[in-house]
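If you read the sequence shown in the working numbering, its first letter stands for residue 23, the second for the next number, and so on.
The next block holds one structure in the form of structure tokens; read it before the comments.
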Amino acid sequence: MILNFATGNKNKAEEAKAKLAGFGIQVVQLKLPYPEMQADALEEVASQGLDWLCQHTQEAVMLDDAGLFIDAFDGFPGVYSAYVFKTLGNSGILKLLEGNDNRAATFKACIGLRLQNGSHHFFNGECKGTIIEELRGEEGFGYDPIFVPEEKPLTFAQMGMDEKNELSHRGRAFAKMAQFLAHKNRQ
Numbered sequence: 023m024i025l026n027f028a029t030g031n032k033n034k035a036e037e038a039k040a041k042l043a044g045f046g047i048q049v050v051q052l053k054l055p056y057p058e059m060q061a062d063a064l065e066e067v068a069s070q071g072l073d074w075l076c077q078h079t080q081e082a083v084m085l086d087d088a089g090l091f092i093d094a095f096d097g098f099p100g101v102y103s104a105y106v107f108k109t110l111g112n113s114g115i116l117k118l119l120e121g122n123d124n125r126a127a128t129f130k131a132c133i134g135l136r137l138q139n140g141s142h143h144f145f146n147g148e149c150k151g152t153i154i155e156e157l158r159g160e161e162g163f164g165y166d167p168i169f170v171p172e173e174k175p176l177t178f179a180q181m182g183m184d185e186k187n188e189l190s191h192r193g194r195a196f197a198k199m200a201q202f203l204a205h206k207n208r209q
């Protein structure tokens, strides 16, 4: 199966290709920039993005919206994570957390999928962890150098892509989507 992934982020596209290849899904990066709507929930952003994409392509397509939800900030930056990263970066988040003992955080992702029959499906994944006090690692992107998942003592930026894909919010959402597609193909 070939599946278009609407993203301008080559790192996300590479993670999707690596994760979904094991399920027999070939991912093609679709560089069709869609307006990123602002909403209160990842699912709303993904749904609005799919609605826009439906007006511009008839092919099966997926997109994702993801965010870092920091407990000490009542879930902020959450749906605004991309904007906050562009504005403050990892060093800004670390500065905001200085002196705060509550460093718990959760990465969340919502994958929106539109099949050729026009049906929409959504798959959520999350990864709980901790924001550390310094940048560690050279891999990954975004908040990866400051986030340590509960399951490992390494940041996402210290992991290879396959290891990160097993634990990450996006990897877990992709796995749910792949299982759904496999079940659907058996019907």
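Ideal placement from N, C-alpha and C gives every residue a C-beta, glycine not left out.
I'd like the span of the alpha helix (DSSP H) that includes residue i, first residue to last.
| i | result |
| --- | --- |
| Asp86 | No alpha helix (DSSP H) contains Asp86, which is instead part of the beta strand (DSSP E) from Val83 to Ile92. |
| Asp73 | Leu64 to Cys76 |
First and last residue of the beta strand (DSSP E) that includes residue i?
| i | result |
| --- | --- |
| Ile24 | Ile24 to Ala28 |
| Val170 | Phe169 to Pro171 |
Can you check whether the C-beta of residue i is within less than 8 Å of a C-beta belonging to chain C?
| i | result |
| --- | --- |
| Ile92 | Among the protein chains of the structure shown there is no chain C, as only one such chain exists. |
Which residues does DSSP pair with residue i in a beta bridge?
| i | result |
| --- | --- |
| Leu189 | DSSP, once it has assigned bridges, lists no residue as partnering Leu189. |
| Cys132 | Asp87 and Asn146 |
| Ala195 | Partner(s): none; Ala195 has no beta bridge. |
| Gln48 | Ile24 |
| Ala127 | Ile92 and Gly151 |
| Pro99 | Phe91 |
For residue i, name the three-state secondary structure that DSSP assigns.
| i | result |
| --- | --- |
| Lys150 | strand |
| Ala43 | helix |
| Ala38 | helix |
| Ala200 | helix |
| Gly121 | coil |
Pick out whichever of the options has its Cα sitting closest to the Cα of residue i.
| i | options | result |
| --- | --- | --- |
| Val50 | Ala40, Pro57 and Met59 | Ala40 |
| Asp96 | Asn124, Gly159 and Val170 | Asn124 |
| Leu54 | Gly100, Ser103, Pro175 and Met84 | Met84 |
| Ala82 | Lys34, Leu135 and Leu119 | Leu135 |
Under 8 Å, do residue i and residue j count as touching if we go by C-beta distance?
| i | j | result |
| --- | --- | --- |
| Phe129 | Glu156 | no |
| Asn112 | Tyr56 | no |
| Arg158 | Gln180 | yes |
| Ile153 | Ile115 | yes |
| Ile47 | Leu72 | no |
| Phe169 | Ala127 | yes |
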